[in-house]
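Residue numbers (UniProt numbering): 1 to 188. Notes follow the structure.
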Amino acid sequence: MQVFTTKYLAIGITVLLVSLVFSQRNAHASDYPIFRDGKLIIPRVDTDAQPGSFQNAEFQFEASTNSWKLNQFVETKIIPGPVTYDEKVEAIIVDSSPIQVFLKITGQFLNGCAYFQQINQVLKDNTFEIILHTGPNPFPEGIACTMALVPYEKIIPLEVYGLPAGTYGYSVNGIPAGTFTLTKDNTL
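Structure representation (structure tokens):
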């Protein structure tokens, strides 16, 4: 009984320590800009070419020059097409007032270390452009990734409140995936 308890205690401590590593690694992860200790972190910067082209831009305020200095940023270039294996996209329309629209994206990551970093959306010319950013391996050095397909399901709410009646398209990483129709203006 003592060996059994010790084994599960060791597993529990390991899980807690790994959780701590991930929470520290993503200390700046947020959907909103953060200003702390003279640093401004902007999680997402869109360009005309791509939503979320630049991520986690960090600026430091320089009091001596009364200006901001760019410390670091991550540039993400999206190659059009599915980011995972066997990717499927389905629109889910909730008949409520106002109407809600969700995209259900399912697929399989190619290994156990892949994950979605940021998911960005922008409405351009009646088409919702969804950009799925896959992240680099978040695990510490020395941890091996499984080489098996890992299924996932992601539900993404589309920002449809306030839109006029009409047909809207949606694309995922540059590939058109479907359309839906709002039969009336989507307001209260």
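By construction, the Cβ of each residue, glycine as well, lies at the ideal position given by its N, Cα and C atoms. Since the structure is predicted, the reported quantities are computational estimates derived from the model, not experimental observations.
Query	Result
Beta carbon of Gln100, beta carbon of Ile78: below 8 Å?	no
Given 8 Å as the limit, is there contact between the stretch 109 to 124 and the stretch 72 to 92, that is, 3 or more CB pairs closer than that?	yes
Give every residue of the same chain whose Cβ lies closer than 6 Å to the Cβ of Pro33, excluding the five residues on either side of it in the sequence, and list them in chain order.	Ile42
At which residue ranges does the stretch 60 to 110 contain complete beta strand (DSSP E) runs of 3 or more residues, listed in the order of the chain?	67 to 75, 85 to 94 and 100 to 109
Determine the extent of the beta strand (DSSP E) in which Leu132 is found, giving its start and end residues.	Thr127 to Thr134
Within 8 Å, do at least three Cβ pairs link the stretch 155 to 168 to the stretch 119 to 129?	yes
Could you check how far apart the C-beta atoms of residue 192 and Asn71 are, in whole angstroms? I think they sit under 8 Å.	Look at the range of the chain in this structure, 1 to 188, and you will see that residue 192 is not part of it.
Tell me, to the nearest whole angstrom, how far the beta carbon of Phe54 is from that of Val74; I am working on the premise that it is less than 8 Å.	7 Å
Give the DSSP bridge partners of Thr181, in chain order.	Thr167
Can you pull the DSSP bridge partners for Glu58?	Ile41 and Gln72
Measure the beta-carbon distance from Gly52 to Ile175 and round it to whole angstroms, keeping in mind my assumption that it falls under 8 Å.	The pair is not a contact, with the Cβ atoms about 16 Å apart (cut-off 8 Å).
By a C-beta neighbour count over all protein chains shown, 10 Å radius and 16 as the cutoff for buried, is Asn66 buried or exposed?	exposed
State yes or no: is the C-beta of Val172 within less than 8 Å of the C-beta of Val89?	yes
Helix, strand or coil: which one does DSSP assign to Phe139?	coil
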